[in-house]
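To keep things clear, I will list the structure first and then write my remarks on it.
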Amino acid sequence: MTGNDDNRGEGSKPPSPTLSQFPGVKEPPLAHNSQELESIDSAWPPAVTTPPSDAPTLPPRAQTPALQGNPPERSALASTLPPPEAVGITLPRMVQIEFGDGPGTSALELADMHAVRKPSLVAAKPAMAPLPDVPPVTSVEDALRVVKDKIAMGDFTGALTLASGILDAEPEHVEAARYARHSENVLIQMYSARLGALSQVVALRVDPAQVRWLSLDHRAGFLLSLIDGNLSLEQLLDISGMPHLDALRILHGLFEQQIILLSPAS
Amino acid sequence: MERVIGIDLGTTNSCVAILEGDTPTVISNRGGYKTTPSIVAVTEAGKRLVGHIAKRQSITNAENTVYAAKRLIGRKWKSPQVENAIMTCSYTIVEGPHDDVRLKLRNKVFSVPEVSSMVLQEMKLIAEDYLGEPVKKAVVTVPAYFNDNQRQATKDAGAIAGLDVIRIINEPTAAALAFGYGKDLDTTIAVYDLGGGTFDISILEIGAHGVFKVISTTGDTFLGGEDFDARIMDWLVEGFKEETGIDLRQDRMALQRLRDAAEKAKCELSQMQETELNLPFIISTGRNEALHLQRTLDRATYERLVEDLVERTVDICRQALADAKLGVGEVEDVILVGGMTRTPIIQEAVTTFFQRTPNRGVHPDEVVALGAAIQGAALVEDRQEMILLDVTPHALGIMTFGSNFEELIPHNTTVPTQRAKIFTTSRDHQTAVKIIVMQGDSSKAKENELLGEFILTGLRRAPKGEVEIEVTFEINTDGIVSVSAKDLENGKEQSIQVTASSGLTPDEIKHMLNNADQYMVERRTDEKFEGLRQEADSLMEQVEQMFPEIERVVGSADFGRDAISKARAVVAKTRTAITQKDSVALKEQVEQLARTQRMFKGVVARSE
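From first to last, the protein sequence lines stand for chains A and B.
First residue of the first sequence? That's 1 in our numbering, and the numbers climb one at a time after it.
First residue of the second sequence? That's 267 in our numbering, and the numbers climb one at a time after it.
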């Protein structure tokens, strides 16, 4: 051991966590994430370059507007969604909405907040070449820059995952917390919009005896176990014991897979 | 005449009833259930949940879900029961400002009566929905062993819920009242009450003229249906662990499902010989791999799992009979109370012990609330033929030299009552004595509950044992205890009226009542808004569906374009009103939507 080795501890700053320490970031980072971004939230066009300081003040979930009594078929959804301004999102007019995972995606994947960074989701997509003009991402500042880019590109899932990763390393990071909150709020609005009024009653669409043959994870299984044909979406969210975004994401997946049925409250 | 509801405020479930005409009737809640879990929770969003919905998240949100608050109501912070609860409860119990207990949910602190008031408020709402009129008065039941502080705390909970609790009656008395209603009985009965969290056994005499007297009562406050559920859960968890090596206790979602499934299986085994527990996707082992739990539980296995619990209840029954100084043969009827008593093994055990088949004429879940409703009606209608004689649940007395407890009124003494005893000084030249009034059944004063104290001065200076002081205890029909001490030589007298305390000051109760009122206003407003929102959703959908047809009908006419753009504006304004939770604006927009819909329908009809 040399004297130089001993000098490292005193007075020197610990190295900033590299981006690869954050969930959602792989090497080479931007190329991969750009591809994800393309596949996940690209239909939400780049509208927000950075969230304004007051941006995260989206309406709380309880105030989510009821959009449709009964959610329309997927193809008809775009025309029936409210204008983003109505739900507190400053976005340009949308043409079509894709919520990332397609109808065939299992709720297991939908349930996993980190699923978007898992190779299995993106493996089927052709990898984009690394962007030559993007500097390597090695610090929190770089990670934040990627978060901003993701938000700007409408990849709120990716932005949330990455911002959460920064918060894991630096729990007090104000800016990362703001971006995380903003992304989470937008995603909650998106899933709420897709599902429709939270007052809708949730029922099983499949025979309970057939549930075990579905491709689900235990969290989706748990939510299914709560469904008794009487509880509303809002009540399910209340009793799920999960973060609202996770529960909404799973319920959206179950709805897309036609495992659950939503009907107006009587 | 003003309606009085009867409320069985249970440890795990509550029930509300009224007397309709001459028929006592239990009122179902909105979900159609006749009992409502006595569970209160606060969600992550700060929303209050009460009843079934709170129960269904009680494990996944365990820190913010209060169950069995009844075990803590009216207790002192340093009592053994509170110490036990701190060790076993998943929610946070903190010390209150008046040596009382407070509960912390989502960083907000609630008193125990406040939490119980939320359950009582729910019962009040159930009754009001059914009757279609406000309810102000109630008779609430409590276990026979509740002390005065616990009874007062229950009354305070009622006050916070906006109820005037006109009488607190003992649960076994209420059950006996419902059992004896409309009958001319002269008998001795046992009330075997196995609820969700507690077990009580009481021996009562029903007199020839409708006189009900509890002659002994005992129980176990930590023995109930939940223990039976836990045995099934353990069986499931162990079986799963053997098969897979995975401990489901580590996963809250799995535990919540296991608890629900265990309770369901227990109920099914009261009717069937075996039941299947099927919990798909109970746990994930890794990505894309979730395991299912599927097991069959037969009644024999279940009975083997719980037989020691059943035996514990039998031992307590034996104690109750001993307290009552009665033989088994002197009990002429046995009433079963609590959903657990539907379990065949319990019915068999009761039958074997009491050497008679339990009475099947009363509904175990409803009988206590029905009795409370009968008593409530009797009170407002002044029906003297239904006299309730309650007894003191614990002995009353004073602390004497050496920290001993000297009993003046034994437990199970019928109230109203008055007893006196003569004491002497314990030291030479003693000029004053301190009368420390206590309630409890231990001969050691420190193990009993302090009710109050006062000093009698001006005694003659004399050798110890010479001056005589007469101490008199009196309990009136309202359960108020008065204690007086009189110097028999000079006639000097001091007295105290013991006022039970729930641990809340009148100001605190008033503040909590205001909060409860405010909550109700908000809840009613939310319900009204929700109704409007649903109406708006439906109308918007109908109007939007008509747009293509309207466009086709009116073609390119200016009128048509104007009408459609106006309709779109109404829809947009409606959505804004919903987003902003603006009830006034939403009501206006719903009217506009309804007009638009009528107009569009007319246009379409004329075009056909």
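Every residue gets a Cβ at the ideal spot worked out from N, C-alpha and C, and that includes glycine.
Of the other Cβ atoms in all chains shown, 16 or more fall within 10 Å of the Cβ of Ile-188(A); this residue is therefore buried. Around the Cβ of Pro-729(B), a 10 Å sphere holds fewer than 16 other Cβ atoms; the residue is exposed. Shown here, Thr-609(B) sits in coil according to DSSP, grouped into three states, outside any helix or strand. Between the region 593-608 of chain B and the region 619-636 of chain B, the count of Cβ pairs shorter than 8 Å is three or higher; the stretches touch. With contacts defined by Cβ atoms closer than 8 Å, Ala-531(B) and Leu-543(B) form a contacting pair. DSSP, reduced to helix, strand and coil, places Ile-775(B) within a helical segment of the structure shown. By the C-beta criterion, the region 380-398 of chain B is judged to be in contact with the region 286-305 of chain B, since at least 3 inter-stretch pairs fall below 8 Å. In summary, the residues of the region 778-802 of chain B whose CB is separated from some CB of chain A by less than 8 Å are Glu-796, Arg-799, Gln-800, Ala-802, in the order they occur in the chain.
Glu-170(A) is positioned such that its CB atom lies no closer than 8 Å to that of Ala-163(A). Chain A places a beta carbon closer than 8 Å to that of Arg-518(B), counting this residue as a contact. Judged by beta-carbon spacing, Leu-245(A) lies beyond the 8 Å limit of Leu-195(A), meaning their Cβ atoms are not closer than that value. In this structure, Lys-342(B) is the residue among Ser-873(B), Asp-564(B), Lys-342(B) with its C-alpha nearest to the C-alpha of Pro-363(B). The shortest CA-to-CA distance from Ser-767(B) to any of Ile-688(B), Val-316(B), Leu-717(B), Thr-354(B) is the one to Leu-717(B). At a beta-carbon threshold of 8 Å, the residues of chain A lying near His-558(B) are Arg-212, ordered along the chain.
The C-alpha of Val-600(B) lies about 13 Å from the C-alpha of Leu-460(B). Residue pairing of Glu-504(B) in beta bridges, as defined by DSSP: absent, with no partner found. Assigned with DSSP and collapsed to three states, His-182(A) falls in helix. Comparing alpha-carbon positions, the option among Arg-834(B), Val-764(B), Ala-351(B) lying closest to Leu-662(B) turns out to be Val-764(B). Within the region 172-187 of chain A, no residue places its CB atom closer than 9 Å to a CB of chain B. Annotated three-state conformation of Asp-493(B) is helix, per DSSP. In the structure shown, Phe-478(B) falls within a strand segment according to DSSP collapsed to helix, strand and coil. Distance from the CA of Asp-422(B) to the CA of Val-408(B), rounded to the nearest whole angstrom, comes to 13 Å. For the options Arg-727(B), Glu-673(B), Gly-446(B), the alpha carbon positioned closest to that of Lys-710(B) is the one of Glu-673(B). Per the coordinates, the alpha-carbon of Ile-512(B) lies some 14 Å from the alpha-carbon of His-218(A). The residues Ser-356, in chain order, have a CB closer than 6 Å to that of Ala-328(B) in the same chain once the five nearest residues on each side in sequence are set aside.
Using a 10 angstroms sphere on the CB of Met-778(B), the tally of other CB atoms reaches 16 or more, which defines it as buried. Close partners of Ser-199(A) in chain B (Cβ separation under 9 Å): Glu-796, Arg-799, Gln-800, Asp-803. The Cβ neighbour count for Asn-350(B), taken over all protein chains shown within 10 Å, is under 16; the residue is labelled exposed.
Under DSSP, Asp-459(B) takes part in a beta bridge, and its partners are Asp-466(B), Val-603(B). Put simply, of Gly-595(B), Thr-680(B), Ile-392(B) the residue whose alpha carbon is nearest the alpha carbon of Thr-618(B) is Gly-595(B).
Residue state for His-558(B) is assigned as strand, using DSSP reduced to three classes. With respect to the 8 Å criterion, Met-519(B) and Phe-222(A) are classified as neighbours on the basis of their beta carbons. With a cutoff of 8 Å on beta-carbon distance, Ile-469(B) and Leu-587(B) are scored as near each other. In its chain, beyond the 5 residues on either side, Val-201, Val-202, Ile-239 have a beta carbon closer than 8 Å to the beta carbon of Leu-231(A). In the assembly as shown, Gln-537(B) is an exposed residue. Its beta-carbon has fewer than 16 other beta-carbons within 10 Å. If only uninterrupted beta strand (DSSP E) runs of at least 3 residues are considered, those enclosed by the region 626-711 of chain B are 662-666, 670-675, 683-690, 699-705.
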